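For reference, each letter of the sequence shown is one residue, going 19 to 882 in UniProt numbering.
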Amino acid sequence: PDKVKWPYLTSLNAAQLKAVTASPDTPLQILAGPGSGKTRVLTSRVAYLVQHHGFRPHEIVAVTFTNKASNEMKKRLQVLLGAKAADGLVLGTFHATCAKYLRRYGQLIDLPSNFVIADADDCKKIMSTLLKARKDILDESRISLKEGAVLSEISKAKAKEESPDGMAIRAAQDPSSSTSTTAIIAELYMEYELALREANSLDFDDLLVFGLKLFRTAPRVLESCRHILVDEFQDTNTTQYELMKCFAQAHGGVSVVGDPDQSIYGWRSAEVENLNKMTSDFPGVEAIYLEENYRSTGSILSAAHAIVSQDRSRIQKNLYTSHPRSTPVTLKVFSTPVIEASFIATEIKRLIAYSGGVLKYDDFAILLRYNALSRVLESALQKDSIPNRIVGGHKFFERMEIKDLLAYLQLADNPGFTPAFIRVVNTPKRAIGDKSVADLLAAAKSMKISPMELSERIIDGEPLPSGIKSGIKKNLATFVGAVRKIRRAAEKGSSVADLIRLIVEKTGYEEYLRTSQPDFDSRWENVQELVMIQIMLTDAQISYSVTVAEEQARLASGEPVEEGFLPANSAAIEAVVNRAQAEEKVKAQERLHPMFRRQSSGLSASSERSRSRSASKGIPKVAEGEDGVIEVLSSDDEVEAPAKAETGVQKEVKTEITSELVDELANAPENMTPLAFFLQTSMLSTDTESDQDDAYKPKVTITTVHAAKGLEWPVVFIPAVEQGTYPSYRCTEAHEIAEERRLLYVAMTRAQNFLTMSYCQFRMMGGEENDKEASEFVAMMQRHQPNLISTTLPDVDLAVRRYTCKMLERPPPDEDATKEMIRKHVRAAPPLSMWDAPEPRDKWSNRFARREVTKATRAAEYWA
Ligand code: ATP
Ligand code: MG
C-alpha cells in the first residue's frame, strides 16, 4: 500500500526497498559497491521516516561527505517532502552540522557564538608565527619542522581526540628516536590551541572536537534527534564516529551506508574499522547488501572491478549491471601533459558532436589525483572556449583578492580574528610596516586584547602602549575607520554584496589592485564575481522554491513514474533549475552596482535605468554611498564612534546547564546577520570543495578524485594515470598503495557511459622533467585482461547514441542535426590517428624527445 501512496518506492529494487522500510529501531548498515543506490536508499529512507513513521523533519539528522552531496540530497527531498519539511531536516556534513549546533548552543561550553572558522591558510599563518618564535630552539636541536607537517600531526591528533597533554604523554612514553620531535609538536599543539582561542576561532577539526564536547556536556541538546543517517560511512574518523554515537544516544535510531572498497581518506585518519566497531556498539545491527549497479555500463564496471580486485586481501563483493558492455574503456598514451590536455579538449568536442548534442558540457568530468594537475587542463579548455569549473578548494576562495575581502568581512564580524587583521591592516598599503604590525601584536598580547581592539583604542585616543610609535595613529585611522563602517553596515543587516562594495569603496581596493597587480583585469573580475554570486545566491533561494512547487504540481497531476528516482525524469527538473538559474544570472547582472559593471566609470544611463528598475522591485537599498562614486577614505577622514563594546574578546562565561537554558537556546530565533551566515558557509566550503559557482551551468567539471566521491558523470576522463601519480610517489607502504588503488577505483566508477584514462611519457614534477610509465594498476590490467581496455577511441555510432540516450533518460538526437554537427566537427578536428601512441620511449634520448614534443604540441595547437 505504501507504494501506491509514495511512488518513489516503486523505483527501488527489493533489497533497496527492504533497507528503506526497515524498522527505524534497527541499527542498519548498508554495504554495497559504487552506483548501487546507497545514497538513493538513504534519501528515500529519510522521506519514508517522515511520511510513513511520522518523524518530524528536525528529528532527523542526515550527514553527507561533502556540501555538494548534501545540497543534492536536499533538492531531492524538497521534491519528495515539500520545501518546508526538507528545510527542517538537519542536513549537512559533520563539520557543518557541528557548526550549526555550536553557534546555537556553544555558550553551554563557554564558546562565544560568534567564533570564526579558520581556514587552512589562517592555520598556516598561526603555525608559522609559532615556529618562528622557537626557531632558535629548533635550530639548536637540529629539528626542521614545516607548518604543513605540524598541522597535519595536530589534525591527526584531533581526529582521534588526542589533547596536547595526551600527545605530550605519548611522546614521553615512546622510546623511539622521534620522541623529541613529537614532544615539540605537542608543545606547538598547545600553543596553537591557545592562539586559536585567543583569535576566537576554531579550525575545521575543532568543529568536530568542540561538537563532541558540547554533545557530551549537554546531551540534552540532541534529545530531539530520533534518527541519524550517515553516507560514505567508510570514510569517517574516530571523532566522527563518536559524534554519530552522540546523535544516536537518545533514541538509538541509526542507519549508515558505506563501501570499504571506496575508503580513500585513510591519510586523514578515516577508520574503515568503524564498520566493525558499529556492530559491537549497536547490538542487533542489520546488514543489507545491494548488488545491482545502475550507474555504469558493463565495460566500465568490469574494468573497475579488475583494478580493485588486484587487492587480494579485499573481501569479495558481488556487483553486476544489466547495462550492456557498450563502449569500451579507453587508455591513451601521450608524450606530454600539454598534448594530453589538448586531446581531452578535442575529445570533449568530438563526443558532443557525435552524440548529436545529447551530451552537454556538464556531462563531462576530468578527475585528478591532485590539484596541481589542473593548471594545464584549465588552460587547454579555456583555449578551446570550453567552459569549466574547478572544484577542490584551491580556486575562487583561495585567491588573494578574495581572501583580502573576506578578511575585512571577518574582522567586521569578529574583531578578535587576528589572522584577518594581519592580512589586511596594511592592505591596501597604509605605511604600516611589518615592524609596526609586530609591535601591535606584541602590545595587544601583553594587554590580553586583540590587535584590532588595540587599534581601535588607539584611534579612540587611549594612551599609546609602550613600544608603539605615535606616527602609527594616522595610518591606522583609515583602517579602523573602514572596518567600523563595514561593521556598522553588517550589524544593520546589509547584504554581503553591499558590504563588499563598501569595502572596495572605503579602502580604495580597486585602485590598489590596479596599481599593484599586473593582472588587474582578472583580479577585478573575481571581485565582481564575488559580488554577483552573493546577489544570485540570495535570489536563487526564492526562485528555487518556485521550481520545487512546480515539480510538486506535476507530481500531484499524476504523471507516470517510471525509472529514475524523481517522478518523470530528473533531467526535466535539472532543466527547470538551469533555466531558473540562467534567469537569475541575468537578473543579477542587471542589479550589479555600476561600480562592478565591466566598463563602468561613474554612472552610465543604462545602469541608472536598471538601478531604478531594481529599486522599484523592492530590492533592499545599498547601505551607504548611493552615488556609486568611489571615494577613498583619506587619513584625516572622520573616524566614527566605537561600535558596540566588547565584541571579540573572549568573555569569561561560566554557564550552568539547566534544561530551561537548553530550551531557551533551542527556541531562540536564528538571528544570524547575512554576513555571519555568509562567513559560515563560505568558510566551510573551502575545505574540500567550493560550490559557490555552481550557478553557472553547464560546465565541464575539473575536480580531484577525493572531492568527486559519490558523484557521477556520463563522461569521465582520468589523466595522469602514471606510476608516481597512481600510486602517488609519496606512498610506499602496502596499505598506502592499496588506498591509492581504491582511489583509482573510485575515479573509474564515477563514469556512466564513457571512460577515458590517459598517461604521459614525460611530466614535470617538482620542477624536473620526469620519464613516466603507465600506473602499475593499469599496466597489470593491460597485461592480464587486455580485452577490458582499448587503445582506440570509441566510435560513437547510432547504436551507441541510442543507448546513451536510454541510459541518461534523454530524448534521442535529431539524426540530421547530428550529421551536420559531425560534418562541421570533422572538418575542424584533427584526424583521430593524431592521438595514437607516440614512438616507444626507449628510442628517445631526452633532447630528441623534447624536440618531438614541441613538434607534436605545435600540431596539437594547430588543430585545436
Ligand atoms: P557511490 O558508492 O558512488 O556513492 P551509491 O551506491 O551511493 O554510489 P547512488 O548514487 O545512490 O549510488 O546511485 C547511482 C545511480 O543509480 C544514481 O543515478 C541513481 O539514481 C541510480 N539508481 C539507484 N537505484 C536505482 C534503481 N532502483 N533504479 C534506477 N536507478 C537507480
Ligand atoms: Mg553515494
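Just so it is clear, CB atoms sit at the ideal spot from N, CA and C, and this is done for glycine as well.
In this text, all values refer to a predicted model and were calculated from it rather than measured experimentally.
- Taking 3 residues as the minimum length, the beta strand (DSSP E) runs contained wholly in the region 334-364 are 347-352, in order along the chain.
- Residue nearest to residue 73 within the set 108, 326, 89, 97 is 108 (criterion: CA-CA distance).
- Of the candidates 240, 241, 228, 164, the residue whose Cα lies closest to the Cα of residue 203 is 164.
- When the beta-carbon positions are compared, residue 132 and residue 478 stay at least 8 Å from each other.
- In this structure, the alpha-carbon of residue 420 lies about 20 Å from that of residue 392.
- The beta carbons of residue 53 and residue 34 sit about 13 Å from each other, so the pair does not count as a contact at 8 Å.
- In the structure shown, the three-state DSSP call for residue 539 is helix.
- The three-state secondary structure of residue 732, taken from DSSP, is strand.
- Boundaries around residue 772 are those of the beta strand (DSSP E), 769-778, since no alpha helix (DSSP H) includes it.
- The nearest non-hydrogen atom of the ligand MG is less than 7 Å from the C-beta of residue 249.
- Within the region 164-229, the runs of alpha helix (DSSP H) that reach at least 4 residues and sit entirely inside it are, in chain order, 165-177, 182-191, 197-216.
- By the Cβ rule, the region 256-269 counts as touching the region 281-292, because three or more pairs are nearer than 8 Å.
- In this structure, the straight-line span from the alpha carbon of residue 828 to that of residue 69 is close to 30 Å.
- Under the three-pair Cβ rule at 8 Å, the region 318-326 counts as touching the region 798-815.
- A residue is called buried once 16 or more other Cβ atoms fall within 10 Å of its Cβ, and residue 806 is buried on that count.
- Residue nearest to residue 239 within the set 808, 683, 795, 757 is 683 (criterion: CA-CA distance).
- By a beta-carbon distance limit of 8 Å, residue 227 does not contact residue 263. Their separation comes to about 15 Å.
- At a threshold of 7 Å, residue 50 counts as near the ligand ATP, since its beta carbon sits closer than that to one of the ligand's heavy atoms.
- Rounded to whole angstroms, the Cβ separation of residue 482 and residue 488 is 6 Å, and the two are in contact under 8 Å.
- For residue 406, the Cβ stays outside the 7 Å cut-off from all heavy atoms of the ligand ATP.
- Taken atom to atom, the span from the alpha-carbon of residue 491 to that of residue 278 is near 60 Å.
- Here the distance from the Cβ of residue 276 to the nearest heavy atom of the ligand MG is not below 7 Å.
- Relative to the ligand MG, even the nearest heavy atom lies 7 Å or more away from the CB of residue 72.
- DSSP places residue 67 inside the alpha helix (DSSP H), whose first and last residues are 56-69.
- Put simply, the backbone Cα of residue 121 is about 36 Å away from that of residue 540.
- Exposure of residue 841 is indicated by the presence of fewer than 16 other C-beta atoms within 10 angstroms of its C-beta.
- From the listed residues 45, 365, 770, the smallest Cα separation to residue 340 is found for 770.
- Residue 746 has 742, 743 as its beta-bridge partners, per DSSP.
- Bounds of the alpha helix (DSSP H) holding residue 112 are 112-123.
- The ligand MG approaches residue 728 closely enough that one of its heavy atoms is under 7 Å from the residue's Cβ.
- Looking at the DSSP output, residue 307 bridges to 49.
- In this structure, the alpha-carbon of residue 818 lies about 34 Å from that of residue 333.
- Look at residue 315: its beta carbon is at least 7 Å from all of the heavy atoms in the ligand MG.
- Comparing alpha-carbon positions, the option among 826, 399, 330 lying closest to residue 357 turns out to be 399.
- Contact between residue 95 and residue 141 is absent: CB atoms are separated by about 34 Å, not below the 8 Å threshold.
- In the three-state reduction of the DSSP assignment, residue 382 falls in the strand class, which pools E and B.
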